[in-house]
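What follows is a set of notes on a single structure, which appears directly below.
Residue numbers (my numbering): 2 to 143.
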């Protein structure tokens, strides 16, 4: 049940990030989560969006865009919940390459997105420990 994350290269210059977000906005695409990692010359914009196909199409006109499978986990919005998820993954020797979090106004939920070395194993161990992972349909409905 992994979800798709888009990654797009963005020049590290004034207005470039704003332009990318404007393109998505004009296409009526909702951002569910966003992260940006930068270097001196460019950034990698990582996005979870309401409409993956449409976002891929409009962003591809602006930048190199790739889709990556990631795992999104719903968690209670209280202290210690992220730690519980991290421990479950750690105990199963699942490596986390990177992560970021977001909240959703529709259900006031808290979510964390993981890029891991094995999505299927991560989802299985999370489900076996009572955690809920999101599907692409869940993302569209948030």
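Don't be surprised by glycine CBs; every beta carbon is placed ideally from N, CA and C.
Bear in mind the structure is a predicted one, so any value in this text is a computation, not a measurement.
Asked                                                                                                                                                                            : Found
Can you find the residues in the same chain that come closer than 6 Å, C-beta to C-beta, to residue 132, ignoring five residues on each side of it along the sequence?           : 74
Alpha carbon to alpha carbon, how far is residue 21 from residue 113?                                                                                                            : 23 Å
Which first and last residues belong to the beta strand (DSSP E) in which residue 70 is found?                                                                                   : 66-76
Please list, in chain order, all residues of the same chain as residue 93 whose beta carbon is under 6 Å from its beta carbon, the five residues on each side excluded.          : 126
Can you give me the start and stop residues for the beta strand (DSSP E) that residue 5 sits inside?                                                                             : 4-12
Quick one: grab the DSSP three-state call for residue 143.                                                                                                                       : coil
So, for residue 138: in the same chain, excluding its five sequence neighbours on each side, which residues have a beta-carbon less than 8 Å away from its beta-carbon?          : none
Going along the chain, which unbroken runs of the beta strand (DSSP E) with 3 or more residues stay wholly within the stretch 27-67?                                             : 32-39 and 43-50
Please report the Cβ distance between residue 2 and residue 134, rounded to the nearest whole angstrom; I am assuming they are in contact, meaning their Cβ atoms lie under 8 Å. : 5 Å
Going by other Cβ atoms of all chains shown within 10 Å of its Cβ, with 16 needed for buried, is residue 65 buried or exposed?                                                   : exposed
Decide if residue 91 is buried, meaning its Cβ has at least 16 other Cβ atoms within 10 Å, or exposed.                                                                           : exposed
Could you pull the start and end residues of the beta strand (DSSP E) that residue 111 belongs to?                                                                               : 110-117
What first and last residue would you give for the beta strand (DSSP E) that runs through residue 97?                                                                            : 97-105
Cutting at 6 Å between CB atoms, please list the residues of its own chain near residue 67, excluding the five before and the five after it.                                     : 8
Checking the sheet assignment: what are the DSSP bridge partners for residue 133?                                                                                                : 75
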